[in-house]
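S.K.: Going left to right, the sequence shown walks through residues 5 to 158 as this note's numbering numbers them. The structure's right below; bear with me while I get my questions together.
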Amino acid sequence: MPNEREQLKLHHLQPAPGSKTAKRRVGRGEGGRRGKTAGRGTKGLKARSKLRPGFEGGQTPLVRRLPKLGGFKNHNKEHFAIINLGVLAERFGPGEVVTPEVLRDAGMVKHRGRVKILAEGELTHALTVSTHAISGAARAKIEAAGGTVEVVAS
């Protein structure tokens, strides 16, 4: 180790005494203690030099646990832009007409496709809502607030 005045450098570092032991050399002749089979027993997979890649000790390997095929994606699925009732209550005042075109112009619907209204949130004033789809609870809340609902075809 360096003196107190010297700076500690990389070439001064060494492991703590006793922390490193010499590697045991096995399989060096039948006369030695670890000769012949070198502590591996006789034959079998564990007596060989390597296990095959992906071997998990007899457990079903990950490759065989995962499904073979990727599944199914319905390309004809209809995608709805979801708008909650609470958002409509914040953005539109009493008596206003809410249509899919108005929602797109306001930037509330980003992509093409149909619009669906859901009942999340509270509505305190009457709105006239025209939409492609609406949940039963949302329809009930709009009508309870004095508004009207019209479902339009796309």
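Backbone N, C-alpha and C define an ideal beta-carbon position, used for all residues, glycine too.
Please confirm if the region 106-120 is in contact with the region 73-87, defined as three or more CB-CB distances below 8 Å between the two stretches.
M.R.: Result yes; three or more Cβ-Cβ pairs closer than 8 Å.
S.K.: Counting pairs of beta carbons, one from the region 116-130 and one from the region 89-101, are three or more of them closer than 8 Å?
M.R.: They touch, by the three-pair rule.
S.K.: Could you give the first and the last residue of the continuous beta strand (DSSP E) run that contains Ala85?
M.R.: Per DSSP, Ala85 belongs to the beta strand (DSSP E) from Phe84 to Asn88.
S.K.: Per DSSP, what kind of secondary structure is Ala137 in: helix, strand or coil?
M.R.: Ala137 falls in the strand class under three-state DSSP.
S.K.: Where does Lys120 fall in DSSP's three states?
M.R.: Strand at Lys120.
S.K.: Rounded to the nearest angstrom, how far is the Cβ of His136 from that of Val119, given a contact under 8 Å?
M.R.: That pair is a contact at about 5 Å.
S.K.: Just the Cα atoms here: how many angstroms apart are Val133 and Gly97?
M.R.: If I take the Cα positions, the gap works out to 12 Å.
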